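Participant:
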Amino acid sequence: QETWNRYPDFLPAELAKAYSRYADVSPDNVLAVRGADEAIDLLIRTYCEPHRDAIRIQSPTYSMYEFVAQAHGVAVETVPLDDQFALNVAANQQAAADQKRLKIVFICNPNNPTGNLMAVSDIVRIAQAQRDRAFVVVDEAYIEYTPSDTLLPLLSEHPNLVIIRTLSKAFALAAIRVGFIIAAEEVLAQINKLIPPYPMPDDSARIGINALSDPGIDYMRSCCERVIALREQARKELIPLDAVEQVYDSTTNFLLVRFKKASDAMKHLLNAGVVIRDQTHFEQLPQHLRISVGVSEDMQETLNHLRKL
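For the sequence shown, our numbering begins at 50 and goes up steadily by one.
#1: Should Thr52 go down as buried or exposed, given a rule of 16 or more other Cβ atoms within 10 Å for buried?
#2: CB-CB under 8 Å to Val169, same chain, minus the five flanking residues each way: which ones, in chain order?
#3: Verify whether the separation of the beta carbon atoms of Val306 and Gly84 is less than 8 Å.
#4: Determine the DSSP secondary structure at Val123, reduced to helix, strand or coil.
#5: By DSSP's criteria, Pro129 is part of a beta bridge. Which residues make up the other side?
#6: Output yes or no for whether 8 Å exceeds the beta carbon distance between Leu304 and Thr351.
#7: For Gly322, is the classification buried or exposed, using 16 other Cβ atoms within 10 angstroms of its Cβ as the cut-off for buried?
#8: DSSP on Cys97, reduced to helix/strand/coil?
#9: Along the chain, where does the alpha helix (DSSP H) containing Lys218 start, and where does it finish?
#10: Return the Cβ separation of Val125 and Ile156 in integer angstroms, given the expectation that the two are a contact with Cβ distance under 8 Å.
#11: Count the CB pairs spanning the segment 151-167 and the segment 92-110 that are closer than 8 Å, and state whether there are at least three.
#12: Return the residue from the list Glu332, Gly265, Met348 that minimises the CA-CA distance to Lys361.
#13: For the ligand FAD, is there a heavy atom less than 7 Å away from the beta-carbon of Arg280?
#14: Less than 8 Å separating the beta-carbons of Ala81 and Tyr68?
#15: Among all the DSSP beta bridges, which residues are the ones paired with Arg326?
#16: With a CB to CB cut of under 7 Å and the five nearest residues on each side skipped, what residues in its chain are close to Met249?
#17: Specify, as a first and last residue, the run of the beta strand (DSSP E) that Gln295 falls within.
#18: How should Glu374 be labelled, buried or exposed, when 16 other C-beta atoms within 10 angstroms of its C-beta is the threshold for buried?
#19: Secondary structure at Val344, three-state DSSP: helix, strand or coil?
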């Protein structure tokens, strides 16, 4: 029976329960939200006071942390990753010119756009240094491609640790806008105060619950295996190309590629109808483009176009 005339649930509790079973955490530690981007927005609006507080990002990284903070009048401290795109723990400690202002440290793991994992020990050191001071928010949007590296088991040891998850990447459900915040119960209670009534359409919740069923999870994992195989094959074929200087290791569904001249590669692919992500706006990525892993036919088409450069 259609229920289009009815408002959805105030909070999609069944969706949160389904995710808690998948993530092996208590439902009390899971909040379902409209994608990882809303999770970022809610965390900043809940815990940062405009024109007074700050967040910290590790550059190059996902642009929404900075975008959302600036939209709400929250300052942004930037700590560059090192030459290997690893966390610079010492720089993180030195960068706190006004520690009282810092409320959230964002760490994307695996990192977008570099594709690498951050060392768990480094994240733990930062979380310990910020205990009773700031939240350390670990964005695990791509964790399904390397699930054993999640920080979920450490949540109980570090009350200032918060994890963001999504169904947009490995679950391939970006259109339904479903994400999750996993944190201590008291942290989620504060965030709940900012969530308006009826935050998520019933259809999105139903699709999400179905994806988190045992068959749905099995299907997602089989898709991850295929994506990883395609990614590694594409990496092997990209390395010897004349236009390519370096192809970085990846633990995600994309490859970061350094080209001899990124603008030429970008223009060539766009003219051929192939859309990839330009990363040259990052100081550390002057000739870098990000190539997402698609189906085999799409990857071969992209490679064939790049062979012509």
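Backbone N, C-alpha and C fix where the C-beta goes; we use that ideal spot for every residue, glycine too. A quick note: this is a predicted structure, and the numbers were derived from the prediction, not measured.
Facilitator: Looking at the coordinates:
#1: Burial call: exposed.
#2: Asp198, Leu200, Leu203.
#3: Result no, Cβ atoms of Val306 and Gly84 do not sit closer than 8 Å.
#4: Taken through DSSP and simplified to helix, strand or coil, Val123 comes out as coil.
#5: Per DSSP, Ser108.
#6: No; because the gap between Cβ atoms is not below 8 Å, this pair is not in contact.
#7: With fewer than 16 Cβ atoms within 10 Å of its Cβ, Gly322 is classed as exposed.
#8: The three-state secondary structure of Cys97, taken from DSSP, is coil.
#9: No alpha helix (DSSP H) holds Lys218; DSSP gives it neither H nor E.
#10: In fact, because the Cβ distance is near 14 Å, the residues do not count as touching under 8 Å.
#11: Taking one beta carbon from each stretch, the segment 151-167 and the segment 92-110 have 3 or more pairs nearer than 8 Å; the two touch.
#12: This structure does not reach residue 361, given that the chain is present from 50 up to 358, and the question cannot be answered.
#13: This structure simply doesn't include the ligand FAD, nor any ligand for that matter.
#14: Against a cut-off of 8 Å, the Cβ pair of Tyr68 and Ala81 comes out as a contact.
#15: When beta bridges are read from the DSSP output, Arg326 appears opposite Arg339.
#16: Excluding sequence positions up to five before and after Met249, its CB lies within less than 7 Å of the CB of Pro57, Pro61, Ala81, Arg83, all in the same chain and listed in chain order.
#17: Bounds of the beta strand (DSSP E) holding Gln295 are 293-296.
#18: Examination of residue 374 is not possible in this model, given that the chain is present from 50 through 358 alone.
#19: Val344: coil per DSSP, three-state reduction.
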